[in-house]
Amino acid sequence: MKRFWTKATTRESGPPRRSASWITARRAWLEVFANRVECGNWIIPFESVEGAVLYTGRQWFIPMSVLELRTSTATYQFGLNPWARPERHLPLEVERQEVRLGTSAFSLLLRIVLVAYLAFLVWRRLS
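To convert, take the position in the sequence shown, counting from 1, and add 51; that gives my numbering.
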């Protein structure tokens with residue numbers, strides 16, 4: 052068995068992006084066994100996995116990777132530390148995709164509000 056600390060969600064699919072789903076994502080150990088993957092109370096048998104993708108890229112200058120396991124009932128995404136390599140321990144064919152981290156409407160709105168607030172603070176200090 053191998054263990055990797057992860058943030059995991061079932062509310063995203065496809066290339067990873069900044070979104071509210073990751074704010075409330077499950078924090079747990081991703082445990083890779085010979086016949087299944089477990090994360091908290093999620094148990095994903097390998098025979099139920101229809102597709103596996105490892106998305107890699109950079110968030111600013113920090114390397115990031117997200118492992119996606121797709122079954123007929125759910126899509127699981129596991130955000131991993133850059134040094135974690137769970138795909139080496141999976142008895143599945145894992146597709147690799149280099150991606151640019153996308154941005155959700157929520158993330159964009161949050162950034163606009165933050166910039167507006169900082170501009171307000173600067174304006175107030177200079178007035």
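For every residue, glycine included, the Cβ atom is placed at its ideal position computed from N, Cα and C.
- Excluding its 5 nearest sequence neighbours in each direction, residue 94 has C-beta neighbours in its own chain below 7 Å: 87, listed in chain order.
- Take the alpha-carbon of residue 61 and the one of residue 98: they are about 19 Å apart.
- DSSP places residue 136 in the coil class of the three-state scheme, outside both helix and strand.
- In chain order, 121 place their CB closer than 6 Å to the CB of residue 102, counting only its own chain and leaving out the 5 sequence neighbours on each side.
- Here residue 72 carries a helix assignment [DSSP, helix/strand/coil].
- Here the stretch 102-119 makes contact with the stretch 130-142; the two share three or more CB pairs at distances below 8 Å.
- Using a 10 angstroms sphere on the CB of residue 114, the tally of other CB atoms stays under 16, which defines it as exposed.
- Secondary structure of residue 84 (DSSP, three-state): coil.
- With contacts defined as CB atoms closer than 9 Å, residue 52 and residue 83 qualify as a contacting pair.
- Excluding its 5 nearest sequence neighbours in each direction, residue 157 has C-beta neighbours in its own chain below 8 Å: 70, 71, listed in chain order.
- Of the residues assessed, residue 67 falls on the buried side of the cut-off, its CB having 16 or more other CB atoms within 10 angstroms.
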